[in-house]
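Asks: Each protein sequence line maps, in turn, to chains A and B.
So the first sequence is numbered by full-length UniProt numbering: it starts at 1 and just counts up by one.
So the second sequence is numbered by full-length UniProt numbering: it starts at 1 and just counts up by one.
All residues carry an ideal CB built from backbone N, CA and C; glycine is no exception.
Keep in mind that this is a model prediction, so the values were computed, not measured.
Number of protein chains: 2
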Amino acid sequence: MFTFANRHFSLSTTLTIGFVAVILLGALLLTLPIATVKGIESSFVIALFTSTSATCVTGLTLVETGTYWSFFGQFVIMMLSEIGGLGFMTFMVLMFTTSRRKLRLSTQLLAQESLNLQHLSQIKLVRLIVGLSLGIQGGGAVLLFCDFLPKYGFWRGLWYSVFHAVSAFCNAGFSLFDESVSIFKHDTYLLFVLGIMILCGSVGFLVWRDLLTYHKRHTLSLHTKLSLRTGAIIFIASLILYTLTERGFNSIDPDATIFQKFSNILFMAVTPRTAGLITFDYGHLSMAGIFLTMMLMFIGGTPGSTAGGVKSTTIGLLAVQTWATLRGRHDVNFSNRRFPRENIYRALTLIIVAFSIITIATFVLCMTQPLNKEMGLEYIIFEVLAAFGTTGISLGLTAHLTLVGKIVIMLMMFIGRVGIFNVMYTVLNAKNHQDDFRYPEEGVLIG
Amino acid sequence: MFTFANRHFSLSTTLTIGFVAVILLGALLLTLPIATVKGIESSFVIALFTSTSATCVTGLTLVETGTYWSFFGQFVIMMLSEIGGLGFMTFMVLMFTTSRRKLRLSTQLLAQESLNLQHLSQIKLVRLIVGLSLGIQGGGAVLLFCDFLPKYGFWRGLWYSVFHAVSAFCNAGFSLFDESVSIFKHDTYLLFVLGIMILCGSVGFLVWRDLLTYHKRHTLSLHTKLSLRTGAIIFIASLILYTLTERGFNSIDPDATIFQKFSNILFMAVTPRTAGLITFDYGHLSMAGIFLTMMLMFIGGTPGSTAGGVKSTTIGLLAVQTWATLRGRHDVNFSNRRFPRENIYRALTLIIVAFSIITIATFVLCMTQPLNKEMGLEYIIFEVLAAFGTTGISLGLTAHLTLVGKIVIMLMMFIGRVGIFNVMYTVLNAKNHQDDFRYPEEGVLIG
Ligand SMILES: [K+]
Ligand SMILES: [K+]
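(1) Grouping DSSP H, G and I as helix and E and B as strand, with all else coil, what is Asn171/A?
(2) Closer than 6 Å to a non-hydrogen atom of ligand 2 - does that hold for the CB of Gly173/B?
(3) Shortest alpha-carbon distance to Phe88/A belongs to which of Thr14/A, Leu395/A, Phe174/A, Phe154/A?
(4) Is the shortest distance between the beta-carbon of Thr36/B and the beta-carbons of chain A less than 7 Å?
(5) For Gln118/A, name the three-state secondary structure that DSSP assigns.
(6) Throw me the rounded Cβ distance for the residue 450/A and Gly289/A pair, which I believe falls under 8 Å.
(7) Nearer than 6 Å: is that true of the beta carbon of Gly84/B relative to any heavy atom of ligand 3?
(8) Hey, Asn300/A and Gly389/A: beta-carbon distance below 7 Å or not?
(9) Residues of chain A with CB closer than 9 Å to the CB of Glu374/B, please, in chain order.
(10) Using the C-alpha atoms, what's the distance from Ala347/B back to Phe334/B?
(11) With hydrogens ignored, establish whether the beta-carbon of Gly87/A is closer than 6 Å to any heavy atom of ligand 1.
(12) Where does Arg273/B fall in DSSP's three states?
(13) Between the C-alpha atoms of Lys225/B and Val203/B, what's the straight-line distance to the nearest angstrom?
(14) So, is the C-beta of Met413/B closer than 7 Å to a C-beta in chain A?
(15) Near Thr257/A, what residues of its chain come up, given a Cβ to Cβ distance below 7 Å and the 5 sequence neighbours on each side ignored?
(16) Could you give the distance in angstroms between the alpha-carbon of Leu395/B and the alpha-carbon of Gly26/B?
(17) Report the three-state DSSP secondary structure of residue 458/B (helix, strand or coil).
(18) What's the call for Leu397/A, buried or exposed, on a 16-neighbour Cβ count within 10 Å?
(19) Using a Cβ-Cβ cut-off of less than 9 Å, list which residues of the region 260 to 278 of chain B approach chain A; keep chain order.
(20) For the alpha helix (DSSP H) containing Tyr425/A, name the first residue and the last one.
(21) Helix, strand or coil for Phe336/A, going by three-state DSSP, please let me know.
(22) Among residues of its own chain, excluding the 5 on either side of Ser114/A, which ones have a beta-carbon nearer than 7 Å to its beta-carbon?
(23) From the beta carbon of Arg417/A, is the nearest beta carbon of chain B less than 7 Å away?
(24) Step through the CB atoms of chain B and report whether any lies within less than 7 Å of the CB of Cys366/A.
(25) Rounded to the nearest angstrom, what separates residue 449/B and Leu80/B at their Cα positions?
(26) Can you find a C-beta in chain B that's less than 7 Å from the C-beta of Ile236/A?
(27) Can you look up residue 450/B in the DSSP assignment and give me helix, strand or coil?
(28) Taking Cβ positions only, does Leu239/B come closer than 7 Å to chain A?
(29) Listed from N- to C-terminal order along the chain, which residues in the region 278 to 293 of chain A have their beta-carbon within a distance smaller than 9 Å of any beta-carbon of chain B?
(30) Exposed or buried, Tyr160/A, counting other C-beta atoms within 10 Å across all chains shown (16 or more means buried)?
(31) Would you verify that the beta carbon of Val332/B is, or is not, closer than 7 Å to some beta carbon of chain A?
(32) Got a sec? Which residues, its chain only, sit under 6 Å from Gln108/B by beta carbon, not counting five neighbours each side?
(33) Going along the region 345 to 366 of chain B in order, which residues come within less than 8 Å of chain A, judged by CB to CB distance?
(34) With DSSP run on the structure shown, which of helix, strand or coil describes residue 520/A?
(35) If distances are taken between C-alpha atoms only, which option among Arg327/B, Gly18/B, Thr325/B, Ile234/B comes closest to Leu199/B?
(36) Residues in its own chain within less than 8 Å of Ile17/B by CB, not counting five upstream and five downstream?
As structure tokens, then:
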């Protein structure tokens, strides 16, 4: 029994080491002279940072992607994003189905037994996910091409279309334009296409499977119900709150039409869920808008998607659980189902570890990072959350990072993408075990 | 069985409503003309804010305590602090012993069964706590008087001694001097006396009882062991980290002697654990020092003490639990004992709710509070944490608070002092219950 359980731990190790290997390979390719426009060797730190940011689909950059990297360099970045986004998703399918079939009774930590995956085999599911993802990216590229062709000509327009289709779907946050996609802030069609692709990427394979097989099964799993409901609530809440904090986008772009303002706020509500493509400098946001963005970056998308953060299901489950606890209830119910204790336990632990890691990273940056007078703590916390949530929006600190700061941000991107549990299990060489001997219980006073 | 369990919930209500009553009574007394130096009626908002701050032993102030309030006003503030500090502690004894004796089997939320209170009856314990607290405050007042007598003469010195003894022991954070106790920053004796009193107050009744009956029992409860160990680690860590962040106090007071610098750093390590007496303007701290102080305010002291925050046992338990989870262990052990699941569950929920409340309060303040150019997000978060942790240190925002801001800060002080669970149970009118019908379990994907 323990062998099966530990198979999950070894998959964690495979994933973690696989990501390290891809990042290093990417960094080597980006140090090649042909990777830069000027044809010179890039410093290893810049190459490593860019490779980490691309593979971890974050989008934080030390140099402008469009003007620093050559076509070869940009192609490497795109492929790293695709591996980081799609590769990760398919690996999660493997991990998920393995743990589901073999861990049924063995582990308390991974309570994925009841997710009902019986309707599709592993191979079929992987094929479905890959096909669907490539299909969406292809379709998206065509839609982007319609907009880019007249502006940039055939070849340039084609490359821009493919690159940004991958970047949007994989929630990678890289852009070939100056200041992300801010030159298109009045191009409602483009924002709409990008927004839809970002949403498609951040939905996750379990939700896709459920939606695509709904005509056969006529039921949604609890996971899908919780994901969709939480996602919808967060989306609507952020729409309303951003409208309030930025006074209907008037404080950022007063000259835009009402429709353009609305599409920008729509895009604002979508992008902090780890997409990272932005239509204006986030340094111009109000303090409340900055704080709201931090929260959204922290939450992120759905597990098993291209998105980062602590994930919407985690937040949704904890909201339901907290409400139940405060009402004095023992069972945590949602949509006529009861959450297993182990599931709640895992979500709670995830949040605590996430907070701890963010706290340590913030403290180290505070210690090592010289700040201008007008830069408050929000510059540091925002950067850390953008890395951890693999969102990749910055208030402007990235270019000023010291070497220690760069290392911290790279580590945060890595942990944010690979997942706290996967990294920790690997680093700590954890084994799933239950000692034969147990100590007697004794409680302490809490709160 | 449910009747016994619900007795705990009704005690929560009593405590919450009791605090509201004391605060309102205090506010009424402080609006009397004789409460101010000028003999004029104070505005109700100032009186209410001061009364809340005193009763919740926080120490955030809109006006200078020493120059705005008359002797009568100051006496009211001192009595409110005493009720908030000592009264709360004795009420906790009542709550604790009641839940222990009657809830043995009934509630999962309050796992205090195994705390071993059999050696002292409720009455004896209350008498012990009250006697000890008044004894420490009396002794402290005498020690302070030795210092104040030559400086301020008999009556003035006496009043200063009594007031600051109460303020230190109750972790109230009020001071009659300009800028807290910063005129005494080179008075090592005084800082030492105040520091010891602050520590005595933040230790909590369960630890006191254990230490005082140790000669009879020759064993410490798990609660005491965890409290002392966590407290010691946090204390040593903050000593080292403050020495690093403030470069041995050189960046704040370069003219002080080595010994004075060390005693100031010692005081710095003690005071954010919700005491709130400070020896310099915290606006001069480095960003790393500010962030560290935020963390310490968030953690606070020991449950069942005069201190606020989420409490040291909560943090200690979660540290042990997180480590066990990341190592793949099922049992959470400490000092040859296993923590009950319910205990961990309660700690996790407490942290999540605390974070949620802090987030909402921060967002509301960001929305409503006009900030100067040089004020970053840290001004707001610091203020919110100082209120929630009932620490009462401010970077300077308190005086600038809008009406909405004042209300938010008052609510945070109240929740911080009375306790999240007590307030929530009351507001939500919670009953401890287990439904007869249970839904089937189904898991979701986390992280
Ligand atoms: K991103
Ligand atoms: K205080």
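Replies: Inspection of the coordinates gives the following:
(1) Coil.
(2) Answer for Gly173/B: yes, Cβ within range of ligand 2.
(3) Selection Thr14/A, Leu395/A, Phe174/A, Phe154/A evaluated against Phe88/A yields Thr14/A as nearest (Cα-Cα).
(4) Not flagged as an interface residue toward chain A: Thr36/B, since no C-beta distance is shorter than 7 Å.
(5) Unreliable placement is indicated for Gln118/A, whose pLDDT of 46 sits below 50; no coordinate value is reported for it.
(6) Examination of residue 450/A is not possible in this model, given that chain A is present from 1 through 447 alone.
(7) The model depicted lacks ligand 3 and carries ligand 1 and ligand 2 instead.
(8) Looking at the sequence itself, residue 300/A is Gly, so the reference to Asn does not match. The answer is yes: Cβ separation under 7 Å.
(9) Chain order gives the chain A residues near Glu374/B as Lys373, Glu374, Gly376, where near means a beta carbon separation below 9 Å.
(10) Straight through space, the alpha carbons of Ala347/B and Phe334/B are spaced by roughly 15 Å.
(11) Taking 6 Å as the cut-off, the C-beta of Gly87/A does not count as close to any heavy atom of ligand 1.
(12) In this structure, Arg273/B counts as coil in the three-state DSSP scheme.
(13) One C-alpha to the other measures close to 12 Å.
(14) No, no contact with chain A.
(15) So no residue of the chain qualifies.
(16) If you draw a straight line from the Cα of Leu395/B to the Cα of Gly26/B, it comes to about 26 Å.
(17) The question about residue 458/B has no answer, for chain B in this structure spans 1 to 447.
(18) Around the C-beta of Leu397/A, 16 or more other C-beta atoms lie within 10 Å, and the residue is accordingly described as buried.
(19) For the region 260 to 278 of chain B, the set of residues with a beta-carbon nearer than 9 Å to any beta-carbon of chain A is empty.
(20) In this chain, the alpha helix (DSSP H) harbouring Tyr425/A covers 420 to 427.
(21) Looking at the sequence provided, one finds Asn at residue 336/A rather than Phe. Of the three classes helix, strand and coil, the one that applies to Asn336/A here is coil, per DSSP.
(22) Confidence is the limiting factor: at Ser114/A the pLDDT is only 36, short of 50, which leaves the residue's position unreliable, though a coordinate-based value still follows. Closer than 7 Å at the Cβ level, and outside the excluded window around Ser114/A, lies no residue.
(23) Cβ-Cβ to chain B under 7 Å: no for Arg417/A.
(24) Yes - at least one Cβ of chain B is within 7 Å of the one on Cys366/A.
(25) The requested residue 449/B does not occur in the structure, where chain B is confined to residues 1 to 447.
(26) It does not: the Cβ of Ile236/A has no partner Cβ on chain B nearer than 7 Å.
(27) It is not possible to answer for residue 450/B, since the shown part of chain B is limited to 1 through 447.
(28) Output row for Leu239/B: interface = no.
(29) With the criterion set as a beta carbon lying under 9 Å from some beta carbon of chain B, the members of the region 278 to 293 of chain A are Ser286, Met287, Ala288, Gly289, Ile290, Phe291, Leu292, in sequence order.
(30) Tyr160/A is buried by the Cβ-count criterion.
(31) Output row for Val332/B: interface = no.
(32) Reliability of the predicted coordinates at Gln108/B is poor, the pLDDT of 32 falling under 50, and no value is obtained from them.
(33) Listed in chain order, the positions of the region 345 to 366 of chain B with a beta carbon within less than 8 Å of a beta carbon of chain A are Tyr345, Arg346, Ala347, Leu348, Thr349, Leu350, Ile351, Ile352, Val353, Phe355, Ser356, Thr359, Thr362, Phe363, Cys366.
(34) Residue numbering for chain A in the displayed model covers 1 to 447; residue 520/A lies beyond these limits and cannot be assessed.
(35) Relative to the Cα of Leu199/B, the nearest Cα in the group Arg327/B, Gly18/B, Thr325/B, Ile234/B belongs to Ile234/B.
(36) Listed in chain order, the non-local C-beta contacts of Ile17/B below 8 Å within the same chain comprise Thr426, local neighbours out to five positions each way being set aside.
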